[in-house]
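Numbered by the working numbering, the letters in the sequence shown go through residues 208 to 507 in order.
The beta-carbon is built from N, C-alpha and C at its ideal position, and this holds for glycine as well.
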Amino acid sequence: MVFAKLRRQRVVIIVADLWVDSIVEIGTIPDGALVALLRRAERAMLGKADAVTAVTEGVRDALLLKGVTTQQMTWLPNGADTEMFSPGPEDPTVRAELGCASGEYLFLYAGTHGYVHGLEVVLDAAQELKDEPVRFVLVGGGSEKESLQELASTRGLRNVTFLDPVPPQEVARMLRSCTAGLATVREGDVYRTIRSAKMLPTMSSGLPVIYSGDDEGSRLVAAAGAGLVTAPGDGADLAKAVREMIASPEKAAALGAAGRNWIEANASWHQLVGNWLEQLEQIDSVGAGNAAVANKGASK
208 MVFAKLRRQR VVIIVADLWV DSIVEIGTIP DGALVALLRR AERAMLGKAD AVTAVTEGVR
268 DALLLKGVTT QQMTWLPNGA DTEMFSPGPE DPTVRAELGC ASGEYLFLYA GTHGYVHGLE
328 VVLDAAQELK DEPVRFVLVG GGSEKESLQE LASTRGLRNV TFLDPVPPQE VARMLRSCTA
388 GLATVREGDV YRTIRSAKML PTMSSGLPVI YSGDDEGSRL VAAAGAGLVT APGDGADLAK
448 AVREMIASPE KAAALGAAGR NWIEANASWH QLVGNWLEQL EQIDSVGAGN AAVANKGASK
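As structure tokens, this is what we get:
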């Protein structure tokens, strides 16, 4: 940041998560001297930035309370590549690659396996559905993946498959073979500002979402009519939603179509990034204008 200022370059900070607030909320660090130091550093960085970009409404509101000005604030929510993630025919080889038996319904989670995601809820649902033709596939890596694999093994869950991270194109191919995509967020006040990006490729692909959480993302899915929302951490509720998707393919198709329509209207990357660049250009032009006024005043 210092070097950027010395070279008269604009500084843009993109804030996806409120990390200082999060580590206090989950008890990683007690709210003491170290946290106070981190908060001072946070305020200093935000204050010196030319633009601060929020990716969720909750983060945006929190940043304004932290002292970010409306003149600094810009908005770039997560979106989807609507060309890569689009409705299309199923690849007949995918199910075999994922180890799906004939007649099994496939539910996919693709993304980070972190603490915030609370993916134990998927294992709880899998246990509830262990005698039904359902397979959960969890693709990705993260701090909690090993413990999740151990838990699935301990429970003897044969209807859960873990895969290493794959390119987005491969996720798009997998989604076309799924009944629905999954998004999960752990329960807690600090997580209510989250808008899980996991739901967006699913929606863009024309598939319904099952969203386990109580946050900005769950409200978006409900408002868009793009899927079913279940209580955070409630495996039985998640299993109920899975059964509902299987029992009513017409409803699932309608939810998926609504999700695709919402993405096309509100969350294609082309649209979002174009809008964000316009916001930055406006901030840049205001800054240039202020600098010109200051220089004019100094020359008098």
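Reduced DSSP secondary structure (H/G/I, E/B, other) of residue i
{"i": "V329", "result": "helix"}
{"i": "T437", "result": "strand"}
{"i": "R362", "result": "helix"}
{"i": "M291", "result": "coil"}
{"i": "I453", "result": "helix"}
{"i": "G481", "result": "helix"}
{"i": "R267", "result": "helix"}
{"i": "S475", "result": "strand"}
{"i": "V259", "result": "strand"}
{"i": "V231", "result": "helix"}
{"i": "V373", "result": "coil"}
{"i": "V428", "result": "helix"}
{"i": "V323", "result": "helix"}
{"i": "L382", "result": "helix"}
{"i": "L445", "result": "helix"}
{"i": "L355", "result": "helix"}
{"i": "D491", "result": "helix"}
{"i": "V397", "result": "helix"}
Residues of its chain near residue i, where Cβ-Cβ distance is below 7 Å and the 5 sequence neighbours each way are ignored
{"i": "A243", "result": "none"}
{"i": "A464", "result": "G413"}
{"i": "L462", "result": "P415, G432, A433, G434"}
{"i": "D238", "result": "V231"}
{"i": "P294", "result": "S412, G413, R467"}
{"i": "D371", "result": "G348"}
{"i": "V301", "result": "R380, M381, S384"}
{"i": "S475", "result": "G286, A287, T289"}
{"i": "D491", "result": "R217"}
Contact under 8 Å by Cβ, residue i with residue j
{"i": "M417", "j": "L382", "result": "Checking the sequence shown, residue 417 turns out to be Ile, not Met. Cβ atoms of I417 and L382: not closer than 8 Å."}
{"i": "I401", "j": "G432", "result": "no"}
{"i": "V275", "j": "L330", "result": "no"}
{"i": "Y316", "j": "K458", "result": "no"}
{"i": "D422", "j": "E232", "result": "no"}
{"i": "A253", "j": "L270", "result": "The sequence as given places Leu at residue 253; Ala does not occur at that position. Yes; because the gap between Cβ atoms is below 8 Å, this pair is in contact."}
{"i": "V392", "j": "V323", "result": "yes"}
{"i": "A379", "j": "F292", "result": "yes"}
{"i": "F369", "j": "L389", "result": "no"}
{"i": "L577", "j": "K337", "result": "The question about residue 577 has no answer, for the chain in this structure spans 208 to 507."}
{"i": "S350", "j": "G321", "result": "yes"}
{"i": "E297", "j": "S384", "result": "yes"}
{"i": "M410", "j": "A287", "result": "yes"}
{"i": "V341", "j": "E304", "result": "no"}
{"i": "V449", "j": "V436", "result": "no"}
{"i": "E471", "j": "T289", "result": "yes"}
Minimum Cβ-Cβ distance from residue i to chain C less than 8 Å
{"i": "E311", "result": "The structure shown contains no chain C; it is built from a single protein chain."}
Any non-hydrogen atom of the ligand GDP closer than 7 Å to residue i Cβ
{"i": "V219", "result": "The ligand GDP is absent from the structure shown, which contains no ligands of any kind."}
Span of the alpha helix (DSSP H) around residue i
{"i": "G318", "result": "Element bounds for G318: n/a, residue is neither H nor E."}
{"i": "S419", "result": "Premise fails: S419 lies in the beta strand (DSSP E), 416 to 419, not in any alpha helix (DSSP H)."}
{"i": "R246", "result": "240 to 255"}
{"i": "I391", "result": "The residue asked about is misnamed: residue 391 is Thr in this sequence, not Ile. Counting along the chain, T391 falls outside any alpha helix (DSSP H), though it belongs to the beta strand (DSSP E) covering 387 to 391."}
{"i": "L409", "result": "In the sequence on display, residue 409 carries Thr and not Leu. Element bounds for T409: 406 to 411."}
{"i": "V301", "result": "301 to 304"}
Cβ-based neighbour list, residue i, same chain, cut-off 8 Å, excluding 5 preceding and 5 following
{"i": "R250", "result": "K273, G274"}
Span of the beta strand (DSSP E) around residue i
{"i": "R217", "result": "Taken as a continuous stretch (DSSP letters only), R217 belongs to no beta strand (DSSP E), as it is neither H nor E."}
{"i": "L370", "result": "367 to 370"}
{"i": "V346", "result": "341 to 346"}
{"i": "T281", "result": "280 to 282"}
Close beta carbons around residue i, own chain, < 6 Å, minus the five adjacent residues each side
{"i": "A332", "result": "G442, L445, A446"}
{"i": "G318", "result": "G347, K405"}
{"i": "A430", "result": "none"}
Touching or not, the region 432 to 440 and the region 254 to 265, by the rule of three or more beta carbon pairs under 8 Å? Put simply, the region 432 to 440 does not touch the region 254 to 265. Fewer than three CB pairs are less than 8 Å apart.
Stretch-stretch touch, CB-based, cutoff 8 Å, three pairs: the region 283 to 291 with the region 469 to 486: yes
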